[in-house]
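Asker: Take a look at this one; I'll ask things after.
Number of protein chains: 2
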Amino acid sequence: MARRAPQRTSGPRASSRRDALETQARLLDAAGRLFAAKGFQETSVREICSAAEANVAAVRHHFGSKGGLYRTIVLRSHQGLLEHDPLPRFRDGDDPAAALGRAIEHLLRVTLVRRTGHPYAGQLFAHELRSPTAALDELLEKFLKPLRAEFARIVAALLQDADSPRLRGHCTTFVIGLCVFHELGKEPLKRFGFPPPQRESDVPRLARLVTQFAHAGILSLRQTT
Amino acid sequence: MARRAPQRTSGPRASSRRDALETQARLLDAAGRLFAAKGFQETSVREICSAAEANVAAVRHHFGSKGGLYRTIVLRSHQGLLEHDPLPRFRDGDDPAAALGRAIEHLLRVTLVRRTGHPYAGQLFAHELRSPTAALDELLEKFLKPLRAEFARIVAALLQDADSPRLRGHCTTFVIGLCVFHELGKEPLKRFGFPPPQRESDVPRLARLVTQFAHAGILSLRQTT
DNA sequence: GGCTATGTCAAACGCCCGTTTGACTTATAC
DNA sequence: GTATAAGTCAAACGGGCGTTTGACATAGCC
């Protein structure tokens, strides 16, 4: 059971606190990129550490575990999202149609485009929608719940007298689905020649189409049987 | 390196061709259920064989590999789908609004409800949409492509003079997204208190809402800027 | 009878996974 | 100077995975 002593092959390495922060940063960067591209389950610790030029034990040392690293990334992405792209608030008296347009453009943007401050939030979020894990109810609670509530308020204003919990719920699901499907169904859409926009500048055009479509849909449900 | 001889613990088992078919059937049944519930990657061969009361080697013997078993299941599900729930065809002269309603109800039904003849097709399809693998382009080609083409023809008829490849493509994506999102986003929807219908009898009501919403949305895009 | 093909089984193979170990190096505190 | 804490590293641990092995049992055929 005698453990062979590790043999130093290269020269001595620095190990100050500053190096530690750099290692953490490299791990966060590589892991964020890989988790966003392939999801938690499909990304291995060895893969992350290889990309980050770090030792596998660094994950445990700095983040406790693979899950801890992932949680850190999701949390920071969400934090960056809140800071750089706050959800536009719909206030009483605002034009609900305009608010719908703003909310849809916002959701499409943060879902599809790599934004500074939270470059992977959209893809991480999409992976969580696809297959939520226990560790990530937090994301649903902190991000998706307020987002859905915001859409629901706009939808309620548009439905006017026809508003009811059931109808509002369905409409809200429809609108969010219209936006999120572009990311969720990205792969099949690509294969059929309709790749969702990835550039900032292409979002408004799609947002206008979705908004017009959704707005007309909601209004039509005011006269429902 | 001497391999210990396997010791028979229970009495002799029959091993006729009829038994073989039964074993295959048990494997297909258990694997279909598990693959549909958890996806290919997250389901292990040992798990399948345990549920099917079969030996792990049976998978290789009857289907070549785990992938072969999965391919068989996807293929049979698609076959059953074609036989039991053929896609309603939109013919020239049909009312496009009615055709849209039929197509939407069809897609919601086969996606959400466990149908006899292909009980797992919808969920298997959703798993493939989430994370397609090379082995399953076949499903996209055989099922999703004709489906999308059918929706596209209905959309084109509804758009009338405003029809263009780009607008038709977007509208088609919107409509399919509206239907499929109920399955793709099932988990979050459940957590927010809006579980998608699982019973046959609940589908028409949702289908009517989606159809009205989508119909109004498409018509509104006839006057686009 | 004997022969072959087919099916089943427990056990093992080889690989990859996340995690852990313990020696080593360095920065900081006393 | 010495002790302590922090960081890095190669190597191993323990377990799950899909797959493979080879003995054994049975069915159909000569």
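As they're listed, the protein sequences go chains A and B. Residues 1 to 225 in the numbering used here are what the first sequence spells out, letter by letter. Residues 1001 to 1225 in the numbering used here are what the second sequence spells out, letter by letter. Glycine residues also receive a C-beta, built at the ideal position from the N, C-alpha and C atoms. All values derive from a computational prediction rather than experimental measurement.
Can you name the start and end residues of the alpha helix (DSSP H) that Phe-213 (chain A) belongs to?
Answerer: Numbered from its first residue, the first sequence carries residue 213 (chain A) at position 213. Counting along the chain, the alpha helix (DSSP H) containing Phe-213 (chain A) begins and ends at 203 to 220.
Asker: Of all the CB atoms in chain B, is at least one closer than 8 Å to the CB of Ala-98 (chain A)?
Answerer: Taking the first residue of the first sequence as 1, we reach residue 98 (chain A) at position 98. Output row for Ala-98 (chain A): interface = no.
Asker: Below 7 Å CB to CB, which residues in the same chain sit around Leu-206 (chain A) once its five sequence neighbours on both sides are set aside?
Answerer: The residue labelled residue 206 (chain A) in the question sits at position 206 within the first sequence. The residues are Leu-108, Pro-197.
Asker: Pick from B:Arg-1089, B:Leu-1034, B:Gly-1177, B:Gly-1039: whose alpha carbon is nearest that of Cys-1049 (chain B)?
Answerer: Along the second sequence, one-based indexing puts residue 1049 (chain B) at 49. Closest option to Cys-1049 (chain B), Cα to Cα, is B:Leu-1034.
Asker: Nearest CA to the CA of Thr-1111 (chain B): which residue from B:Ala-1097, B:Leu-1129, B:Ala-1152?
Answerer: On the second sequence, position 111 is the one that residue 1111 (chain B) refers to. When only C-alpha atoms are compared, the closest one is B:Leu-1129.
Asker: For Arg-1091 (chain B), does the three-state DSSP call read helix, strand or coil?
Answerer: Mapped onto the second sequence, residue 1091 (chain B) falls at position 91. Three-state DSSP puts Arg-1091 (chain B) in coil, outside helix and strand.
Asker: Taking only the alpha-carbon atoms, compute the straight-line gap between Ala-58 (chain A) and Ile-1073 (chain B) and give it to the nearest angstrom.
Answerer: The sequence position of residue 58 (chain A) within the first sequence is 58, counting from 1. The sequence position of residue 1073 (chain B) within the second sequence is 73, counting from 1. Rounded to the nearest angstrom, the two C-alpha atoms are 42 Å apart.
Asker: If you run the structure through DSSP and keep just helix, strand and coil, what is Arg-1114 (chain B)?
Answerer: Start at 1 with the first residue of the second sequence, and residue 1114 (chain B) comes out as number 114. In this structure, Arg-1114 (chain B) counts as coil in the three-state DSSP scheme.
Asker: Helix, strand or coil: how does DSSP classify Tyr-70 (chain A) here?
Answerer: Residue 70 (chain A) sits at position 70 when you count from the first residue of the first sequence. Annotated three-state conformation of Tyr-70 (chain A) is helix, per DSSP.
Asker: Chain B beta carbons: is any one of them nearer than 8 Å to that of Glu-187 (chain A)?
Answerer: Residue mapping note: residue 187 (chain A) aligns to position 187 of the first sequence, counting from 1. Yes - at least one Cβ of chain B is within 8 Å of the one on Glu-187 (chain A).
Asker: Using 8 Å as the limit for Cβ to Cβ distance, is Pro-6 (chain A) near chain B?
Answerer: For the purposes of this step, residue 6 (chain A) is taken as residue 6 along the first sequence, with counting starting at 1. Bear in mind that the predicted position of Pro-6 (chain A) carries a pLDDT of just 42, short of 50, making it too unreliable to give a figure here.
Asker: Alpha carbons only, please: which of A:Arg-71, A:Ile-104, A:Gln-24, A:Ala-97 is nearest the one belonging to Leu-87 (chain A)?
Answerer: As a working mapping, residue 87 (chain A) is identified with position 87 in the first sequence. When only C-alpha atoms are compared, the closest one is A:Ile-104.
Asker: Can you give the Cα-Cα distance for Arg-1222 (chain B) and Lys-1066 (chain B), rounded to whole angstroms?
Answerer: Residue mapping note: residue 1222 (chain B) aligns to position 222 of the second sequence, counting from 1. Residue mapping note: residue 1066 (chain B) aligns to position 66 of the second sequence, counting from 1. Computed Cα separation, rounded: 49 Å.
Asker: Does any residue of chain A have a CB that is nearer than 8 Å to the CB of Gln-1212 (chain B)?
Answerer: Locating residue 1212 (chain B) in the second sequence gives position 212, where the first residue counts as 1. Output row for Gln-1212 (chain B): interface = yes.
Asker: Going by other Cβ atoms of all chains shown within 10 Å of its Cβ, with 16 needed for buried, is Gly-1093 (chain B) buried or exposed?
Answerer: Against the second sequence, residue 1093 (chain B) aligns to sequence position 93. It counts as exposed.
Asker: Which same chain residues end up closer than 6 Å to Ala-1052 (chain B) when comparing Cβ atoms and leaving out the 5 residues on each side of it in sequence?
Answerer: Position 52 of the second sequence, counted from the first residue, corresponds to residue 1052 (chain B). For Ala-1052 (chain B), where only same-chain residues beyond five positions count, the Cβ hits under 6 Å are Arg-1026, Leu-1027, Ala-1030.
Asker: Is the distance from the Cβ of Val-1180 (chain B) to the Cβ of Gly-185 (chain A) below 8 Å?
Answerer: Locating residue 1180 (chain B) in the second sequence gives position 180, counting from the first residue. Locating residue 185 (chain A) in the first sequence gives position 185, counting from the first residue. Going by C-beta atoms, Val-1180 (chain B) is nearer than 8 Å to Gly-185 (chain A).
Asker: Report the three-state DSSP secondary structure of Ala-98 (chain A) (helix, strand or coil).
Answerer: For the purposes of this step, residue 98 (chain A) is identified with residue 98 of the first sequence, where counting begins at 1. The answer is helix: DSSP assigns Ala-98 (chain A) an H, G or I state.
Asker: Report the residue from B:Phe-1143, B:Ala-1134, B:Gly-1117 whose alpha carbon sits nearest the alpha carbon of Phe-1125 (chain B).
Answerer: Within the second sequence, numbered from 1, the residue matching residue 1125 (chain B) stands at position 125. Residue B:Phe-1143 is the option with its Cα nearest to Phe-1125 (chain B).
Asker: Look at the Cβ atom of Glu-183 (chain A), then the Cβ atom of Gly-101 (chain A), and state whether they are nearer than 8 Å.
Answerer: If you number the first sequence from 1, residue 183 (chain A) lands on position 183. If you number the first sequence from 1, residue 101 (chain A) lands on position 101. In this structure, Gly-101 (chain A) does not lie closer than 8 Å to Glu-183 (chain A) by Cβ.
Asker: When DSSP labels each residue in this structure, what does Glu-1053 (chain B) get in the three-state scheme?
Answerer: As a position in the second sequence, residue 1053 (chain B) is number 53, starting the count at 1. Of the three classes helix, strand and coil, the one that applies to Glu-1053 (chain B) here is coil, per DSSP.
Asker: Using the C-alpha atoms, what's the distance from Tyr-120 (chain A) back to Gln-79 (chain A)?
Answerer: Within the first sequence, residue 79 (chain A) is the residue found at index 79, counting from 1. Within the first sequence, residue 120 (chain A) is the residue found at index 120, counting from 1. Near 12 Å, if we compare the C-alpha coordinates of Tyr-120 (chain A) and Gln-79 (chain A).
Asker: Given that Pro-252 (chain A) touches chain B, what residues does it touch there, using C-beta distances under 7 Å?
Answerer: Since the first and last residues shown for chain A are 1 and 225, residue 252 (chain A) lies out of range.
Asker: With distances taken Cα to Cα, identify the nearest neighbour of Gly-32 (chain A) among A:Gly-217, A:Arg-114, A:Ala-216.
Answerer: Position 32 of the first sequence holds residue 32 (chain A). With distances taken between Cα atoms, Gly-32 (chain A) lies closest to A:Arg-114.
Asker: Taking only beta-carbon atoms, is Gly-117 (chain A) less than 8 Å away from chain B?
Answerer: For the purposes of this step, residue 117 (chain A) is taken as residue 117 along the first sequence, with counting starting at 1. Not an interface residue.
Asker: Could you name the residues of chain A that Val-1180 (chain B) contacts, counting a contact when the two beta carbons are closer than 9 Å?
Answerer: Position 180 of the second sequence holds residue 1180 (chain B). For the C-beta of Val-1180 (chain B), the chain A residues within less than 9 Å are, from N- to C-terminus, Gly-177, Phe-181, Leu-184, Gly-185.
Asker: Give me the Cα-Cα distance between Arg-1148 (chain B) and Thr-211 (chain A), rounded to the nearest whole angstrom.
Answerer: Walking along the second sequence from the start, residue 1148 (chain B) turns up at place 148. Walking along the first sequence from the start, residue 211 (chain A) turns up at place 211. Spanning the two alpha carbons is a distance of roughly 22 Å.
Asker: Can you name, in chain order, every residue of its own chain whose Cβ lies under 6 Å from the Cβ of Leu-1158 (chain B), other than the five neighbours on each side?
Answerer: The residue given as residue 1158 (chain B) occupies position 158 in the second sequence. Result list for Leu-1158 (chain B): Pro-1096, Ile-1218, in chain order.
Asker: Please confirm if Arg-1148 (chain B) has its CB atom under 8 Å from at least one CB of chain A.
Answerer: In the second sequence, the residue the question calls residue 1148 (chain B) occupies position 148. So yes, Arg-1148 (chain B) belongs to the interface.
Asker: Which residues in chain B sit within 9 Å of Phe-125 (chain A), going by Cβ to Cβ distance?
Answerer: The count along the first sequence starts at 1 and reaches residue 125 (chain A) at position 125. Simply none; closest approach about 10 Å.
Asker: Exposed or buried, which one is Thr-1116 (chain B) when buried takes at least 16 other CB atoms within 10 Å?
Answerer: Residue 1116 (chain B) sits at position 116 when you count from the first residue of the second sequence. Answer is exposed; the Cβ neighbour count stays below 16.
Asker: Helix or strand or just coil, what does DSSP make of Leu-158 (chain A)?
Answerer: Counting from 1 along the first sequence, the entry for residue 158 (chain A) is found at position 158. Helix at Leu-158 (chain A).
Asker: Given a threshold of 16 other Cβ atoms within 10 Å of its Cβ, counted over all protein chains shown, does Ala-1134 (chain B) qualify as buried or as exposed?
Answerer: Here residue 1134 (chain B) refers to the residue found at position 134 when the second sequence is read from its first residue. So Ala-1134 (chain B) ends up on the exposed side.
Asker: Can you grab the Cα-Cα spacing for the pair Ser-220 (chain A) / Asp-163 (chain A), in whole Å?
Answerer: As a working note, residue 220 (chain A) is residue 220 in the first sequence. As a working note, residue 163 (chain A) is residue 163 in the first sequence. Cα to Cα, Ser-220 (chain A) sits roughly 12 Å from Asp-163 (chain A).
Asker: Exposed or buried, His-1215 (chain B), counting other C-beta atoms within 10 Å across all chains shown (16 or more means buried)?
Answerer: The count along the second sequence starts at 1 and reaches residue 1215 (chain B) at position 215. It is buried - the Cβ of His-1215 (chain B) has at least 16 other Cβ atoms within 10 Å.
Asker: Can you list, in chain order, the residues of its chain whose CB lies under 8 Å from that of Ala-1020 (chain B), leaving out five sequence neighbours each side?
Answerer: Taking the first residue of the second sequence as 1, we reach residue 1020 (chain B) at position 20. Contacts found: His-1062.
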